[in-house]
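Worksheet: the structure to be examined is printed underneath.
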Amino acid sequence: MKKLNPLWVIPYYLWLVLFVIAPVILIIGYSFLDIHGHITLENYQTYFGSGKYLMMTFNSVWYAFLITLLTLLISYPMAYFLTKLKYKDLWLLLVILPTWINLLLKAYAFVGIFGIDGSINHFLEFLGIGPKQILFTDFSFIVVATYIQIPFMIIPIFNALEEINPSLLIASKDLGATPWQTFYKVILPLSMNGVKSGIQAVFIPSLSLFMITRLIGGNRVITLGTAIEEHFLVTQNWGMGSTIGVVLIVAMFIVMLLTGERRK
Amino acid sequence: MLKKVKWSQLYLWLVFIFLYAPIFYLMFYSFNAGENMSKFEGFSWIHFQELFQDTRLLIILLETFILAFLSALLATIIGTFGAILIRRFKNRKTRLGFLSLNNILLVSPDVIIGASFLILFTVLGAWIRGFSLGFITVLLSHIAFSIPIVVLMVLPKLQEMNESLVMAAYDLGANDRQVLLNVILPYLTPGIIAGYFMAFTYSLDDFAVTFFVTGNGFTTLAVEIYSRARRGVSLEINALSTLVFVFSLFLVIGYYFITSDEKKFKKSKKSQAQVESEVPVVK
Amino acid sequence: MKKEVLITFNHVIKKYDDQPVLKDISFEIEKGKFYTLLGPSGCGKTTILKMIAGFMEPTSGDILFEGKKINNIPANQRQVNTVFQDYALFPHLNVFDNIAFGLKLKKMPKKQIEQKVTEALQMVRLSGYEKREITEMSGGQRQRVAIARALVNEPKLLLLDEPLSALDQKLRTEMQYLLRSLQKKLGITFIFVTHDQEEALAMSDEIFVLNNGNIVQSGSPVDIYDEPINHYVANFIGESNIVDAVMIKDELVEFTGKQFTCVDGGMKPNEAVEVVIRPEDLVLTTPDKGKLVVTVQSMLFRGVHYEIRCLDDLGNEWLVHSTKRAIPGSKIGLSFDPEDIHVMRFNESEEDFDARLESYSE
Chain A
346 MKKLNPLWVI
356 PYYLWLVLFV
366 IAPVILIIGY
376 SFLDIHGHIT
386 LENYQTYFGS
396 GKYLMMTFNS
406 VWYAFLITLL
416 TLLISYPMAY
426 FLTKLKYKDL
436 WLLLVILPTW
446 INLLLKAYAF
456 VGIFGIDGSI
466 NHFLEFLGIG
476 PKQILFTDFS
486 FIVVATYIQI
496 PFMIIPIFNA
506 LEEINPSLLI
516 ASKDLGATPW
526 QTFYKVILPL
536 SMNGVKSGIQ
546 AVFIPSLSLF
556 MITRLIGGNR
566 VITLGTAIEE
576 HFLVTQNWGM
586 GSTIGVVLIV
596 AMFIVMLLTG
606 ERRK
Chain B
126 MLKKVKWSQL
136 YLWLVFIFLY
146 APIFYLMFYS
156 FNAGENMSKF
166 EGFSWIHFQE
176 LFQDTRLLII
186 LLETFILAFL
196 SALLATIIGT
206 FGAILIRRFK
216 NRKTRLGFLS
226 LNNILLVSPD
236 VIIGASFLIL
246 FTVLGAWIRG
256 FSLGFITVLL
266 SHIAFSIPIV
276 VLMVLPKLQE
286 MNESLVMAAY
296 DLGANDRQVL
306 LNVILPYLTP
316 GIIAGYFMAF
326 TYSLDDFAVT
336 FFVTGNGFTT
346 LAVEIYSRAR
356 RGVSLEINAL
366 STLVFVFSLF
376 LVIGYYFITS
386 DEKKFKKSKK
396 SQAQVESEVP
406 VVK
Chain C
258 MKKEVLITFN
268 HVIKKYDDQP
278 VLKDISFEIE
288 KGKFYTLLGP
298 SGCGKTTILK
308 MIAGFMEPTS
318 GDILFEGKKI
328 NNIPANQRQV
338 NTVFQDYALF
348 PHLNVFDNIA
358 FGLKLKKMPK
368 KQIEQKVTEA
378 LQMVRLSGYE
388 KREITEMSGG
398 QRQRVAIARA
408 LVNEPKLLLL
418 DEPLSALDQK
428 LRTEMQYLLR
438 SLQKKLGITF
448 IFVTHDQEEA
458 LAMSDEIFVL
468 NNGNIVQSGS
478 PVDIYDEPIN
488 HYVANFIGES
498 NIVDAVMIKD
508 ELVEFTGKQF
518 TCVDGGMKPN
528 EAVEVVIRPE
538 DLVLTTPDKG
548 KLVVTVQSML
558 FRGVHYEIRC
568 LDDLGNEWLV
578 HSTKRAIPGS
588 KIGLSFDPED
598 IHVMRFNESE
608 EDFDARLESY
618 SE
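Chain order of the listed sequences is A, B and C. Going by the working numbering, the letters in the first sequence line up with residues 346 to 609, in that order. Going by the working numbering, the letters in the second sequence line up with residues 126 to 408, in that order. Going by the working numbering, the letters in the third sequence line up with residues 258 to 619, in that order.
Dropping the structure here:
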C-alpha cells in the first residue's frame, strides 16, 4: 500500500499518546506530589529513608525470585517433554486452558484447599500430623503464585524448543555428543531466549500480584503490588503509591535489560 | 530407553494434575449438597439453581462478556492498523521505537497500569464534564491493554506477507483501498482472529486494572468474585466456575479445530524432518 | 514490417541513496517481440522492470509508453502486467479467484469473467483446476497460474521477473516452450528478466546484456553469441577461449606467437585486441595438422560431447568441445576456420562496434 488513509491510524496514535505515554508521565509526576498536591521529594525520602519500605521491597523481590525459580524448575522439563508428544499442540492448549479460568476463581479454589477445614488439612490429620495453618502463610502465597505463573513460563520455552532445527540435534549426535551433551551444549543454549521471555513474563507480575497476597497471603502488605494498591485505594495517598510505582517500573526495566534479547 | 520415557510421562501427568487439581476441586464441590468445600455431603444441583436465581451475578456475567466482546473488537480494529503502521516504517530505528512503545503496556505490571489509568481518568474527569469512573473507563482500559497484543499477533503475518503480493495487486489494477480490502486484510485474517481471541481472553481475565478504574456503578465478574471471596466461601461461585470451565473447554476445542486446518499444510512439510529427529532425542 | 515502438527509455538514470543503479540507459521496445534482459544479479535488470511496471520512478530521464510519458503513472493504471519471481499468488484465494482478480476489479460481468478465466487456464494447460487452492498446486502449476493471471487482463506488455528460476531443469525447459508459443500466439510483447544465458538464447527475439547498470550489448541471440562485443559478454554468454592478440592489419591477427587469417577489420595497424574462439569451433586433429599444438590436461564426459581442457606452450588454457576423445597427457593439434576467430577491441562502444561490423560485412 502506498498511502495509508490517516483516519485509520489516528486511533492508534491517540492510544499511544493517551494510554502509553501520558500514564507514564502522570505516574512519575504524581510521585513528586504529597497528599495535599504540593510538589515535594518527601515520598522518595520516606521510601529510601525508612526500613519499612526497603524491607518490603527486598521481600517482594525475594518472593518474586523464589516464584520465578520454582516456576522455571517445574516448567522447563515440562516444556521439553511436551515437545516430544505426538499431539503436542493439543497438549499445549491444555496447558493454556487453565489461564482462561479467571485468576480469582483459581485463587478462590486454593482458599478452599488450604483452608483450616480444607482438603490438605484433612489429609494432614489423616497422617496424624494434625491441622496446620497453611492459608495466609508465605508458603501458600508462593505455591499459588507459582501455580498461576507456570503456563506463562511453559509457553515461551516450548516455542523456543520447537524452533530448534531438528537436524542440529542429529548433527550433534553425528559429531559424537551423548544425549546429555546434546542437551546442555545445543538444546539449552538455543532455548535460552524462551527462558528469558519466560522469566520476563513471570518475574515482573510476581512483584505486583496484590490480589493473591490479599486472598492467600493474608491481609499483609508483602509485595510492591499490594503496597501500591493500599496507597491508591485504601489510604488514598496517591503520591506515595506513585513513588512505589516508579520503583516498580525501574525494577521492570532492570529485569528487561538483564533478560532482553540481544539484537544483532 | 523405555524407562526414561516413562519418567517423562509421569512428570507430565504430575504437572497436569497440579494444573487441573484446583479447577476440578472447585467443580467437584459445585455439586455438593452441603454448604462449604470442607466436606462432600452428597450430589446436588442446588448451587446451580442458586446461581441461576442470582440475577445480580447473571447480569454481571453478561456485562463482563459484553465488555470483553466490545473491547476486543475495538482493540482489534485499532491494533490491526497499528501493526500496518509499524510495518510501513522504512527506518529500522523508528520501527523498533514504535514497537517498544507498543509493548510497554504488555510488560507493565497490572497494578501500574491500573494505578496510572486511575490517575489519567481522574485528570481527564477534572477537564471533561460528566466523565467519571464506570463502564466507560473500564471499557477504555480494556481496549488500551488489549491493543498491543493484537499488534503482536498481526505483525508476524504482515512480515510474512511478501511485498510482491501487494505489488501484484497494484499490477492487476487495484487501487489503495482495494489492495487493503482485497489483499492485505484477507491475508492478515488468521492473525486478526488470533488477536481478537487474545484480546477477548485478556479482558475476561483481567482483575487488577478493572479493580482500579471501576467506580461504584460497574462490576466485572472478577471484581465480584474478589469481594465475595473475602466475605467467605459460597458454593454458588463453584457452580459458576464449572460453567466457565465448560465454556472455556468449548472455546479451546473450537480454537484447535480452526487453527489445525491452517497448520495442516505447514505440518505436512515439516513432519518428515520431525519424525527423524524424534528418534535420537528421546533416550 | 513497420516498426512500432511500445516502450522507450530516454537517458534513464536511477539512484538509491546516491548510489547509481542504472547509468543513463536508452533503448526502445517494439511491439510483438520477445525481449530478454540478461545479466548477473545487481546489474539493474529488475530495476528496469520495476520502472516499466510502475513500482519505481526514474531519478532522471523519461519512460514513454506508445510515445506518452508515463514516469508518474501508478502501476494500477498501466496496461502492463507482471509475472513475479515468487509468483505472488494470493494464498487466500483459489485458482479461479486469483486469475479473476484483475477482471473483478474492472467490474466485468460474471459470465464474461468465467469465460475468460476458462480460456486463460486452457492457454496455460490447467483446465479444470479452477477450484484448487494455491497451496495444493506444485511449483510449475503455480507458475502457470501466475502467467494466466497476468495474461487474462490482455496487457500490451507482459513483464516476467525471473519466473523460471525456482523450477527444476525439466520443468524449466517445458515452460520455455510454453512461454515462447504463448508469446507467438498472442502477439503480446514480453520482457523477460533472467541471469540464465541459455534461457535467454533459447527464447528471445532480442537480448539486452546488462552489466553494472549499463546495457553492454543488444541484438539477436545469434548476433550476440557469434559477435560478442567484449570480454564480459563473451564470458557471460556461452563458454569461450579468450586470448590477448594483436591486429597486424585487416584480416590478419597474431596470437600465441603465430599469425592467422581472420575476417575482421577496421582497426588500427598493430592494435592490441582480444580474440574469442568458441570451444565447439575447435577441431581435434594430429599435432602436425593443427594450427595450435596443445597438451591435453583433462577430459570430462558431458553427454553430448567431451569437454577437454588443454594448455599451449605459452600457458594459455584452451577449452574444446568435441565428440572425439583425447588422452590426458598427450599432445594434440587444434584447427579452426578464419571465420571462427572473433576479434574484440578494448572499450569499444556499441555504436562503434555496430558501425564497424556494417562497414566490412558489405
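Every residue, glycine too, gets a C-beta built ideally from N, C-alpha and C.
With contacts defined by Cβ atoms closer than 8 Å, residue 157 of chain B and residue 365 of chain B do not form a contacting pair.
Within the stretch 399-470 of chain C, the alpha helix (DSSP H) runs of at least 4 residues that lie entirely inside it are, in chain order, 426-443 and 454-460. Runs of the alpha helix (DSSP H) lying entirely within the stretch 571-604 of chain A, each at least 4 residues long, are 583-604 in chain order. Annotated three-state conformation of residue 277 of chain B is helix, per DSSP. Residue 374 of chain B reaches chain A at 442, counting residues in chain order whose Cβ is nearer than 8 Å.
Residues of the stretch 293-306 of chain B with a C-beta atom less than 8 Å from some C-beta of chain C are 293, 294, 295, 296, 297, 298, 299, 300 and 303, listed in chain order.
In the structure shown, the three-state DSSP call for residue 168 of chain B is strand. For residue 390 of chain A, the enclosing alpha helix (DSSP H) begins and ends at 387-394. When 9 Å is used as the limit between beta carbons, residue 575 of chain A is near no residue of chain B, the shortest such separation being about 11 Å. Contact between the stretch 367-375 of chain B and the stretch 442-451 of chain A is present, with at least three C-beta pairs closer than 8 Å.
In this structure residue 419 of chain C is in contact with residue 450 of chain C, their Cβ atoms being roughly 6 Å apart against a cut-off of 8 Å.
In chain order, 451, 454, 455, 458 and 492 make up the part of chain A whose C-beta sits under 8 Å from the C-beta of residue 147 of chain B. Under the DSSP assignment, residue 602 of chain C falls in the beta strand (DSSP E) whose first and last residues are 599-602. For the set A:402, A:558 and A:440, the Cα lying nearest the Cα of residue 419 of chain A is the one of A:440. Proximity to residue 603 of chain A across A:563, A:541 and A:510 peaks at A:541, based on C-alpha coordinates. By the 16-neighbour rule on beta-carbons within 10 angstroms, residue 521 of chain A is exposed. Beta-bridge partners assigned by DSSP to residue 339 of chain B: none are found. Residue 321 of chain B is outside the set of residues whose beta carbon lies under 8 Å from a beta carbon in chain A.
Using a CB distance cut-off of 8 Å, residue 351 of chain B counts as an interface residue toward chain A. Rounded to the nearest angstrom, the Cβ distance from residue 339 of chain B to residue 258 of chain B is 6 Å, consistent with a contact under 8 Å. A residue is called buried once 16 or more other Cβ atoms fall within 10 Å of its Cβ, and residue 487 of chain C is buried on that count. Residue 474 of chain C carries a strand assignment under DSSP once its states are collapsed to helix, strand and coil. The beta carbon of residue 343 of chain C is closer than 8 Å to those of 423 in its chain, skipping five residues each way along the sequence. In this structure residue 281 of chain C does not touch residue 264 of chain C by the C-beta definition: roughly 17 Å separates them, more than the 8 Å allowed.
Counting the other Cβ atoms within 10 Å of the Cβ of residue 583 of chain A gives 16 or more, which makes it buried. Of the candidates C:274, C:539, C:561 and C:477, C:539 places its Cα closest to the Cα of residue 595 of chain C. Beta-bridge partners assigned by DSSP to residue 531 of chain C: C:501 and C:601.
Flagged as an interface residue toward chain B: residue 343 of chain C, by a C-beta distance shorter than 8 Å.
Residue 586 of chain C places its beta carbon 8 Å or farther from that of residue 546 of chain C. Closest in C-alpha terms to residue 367 of chain A, from the list B:215, B:230 and B:171, comes B:230.
For residue 578 of chain C, DSSP records a beta bridge to C:564. Collapsing the DSSP output to three states places residue 326 of chain C in a strand. DSSP places residue 555 of chain C within a strand segment (E or B) once states are collapsed to three. For residue 286 of chain C, the enclosing beta strand (DSSP E) covers residues 276-287. Shortest Cα-Cα distance from residue 405 of chain A to any of A:353, A:459, A:361 and A:562 involves A:562. Using a CB distance cut-off of 8 Å, residue 287 of chain B counts as an interface residue toward chain C.
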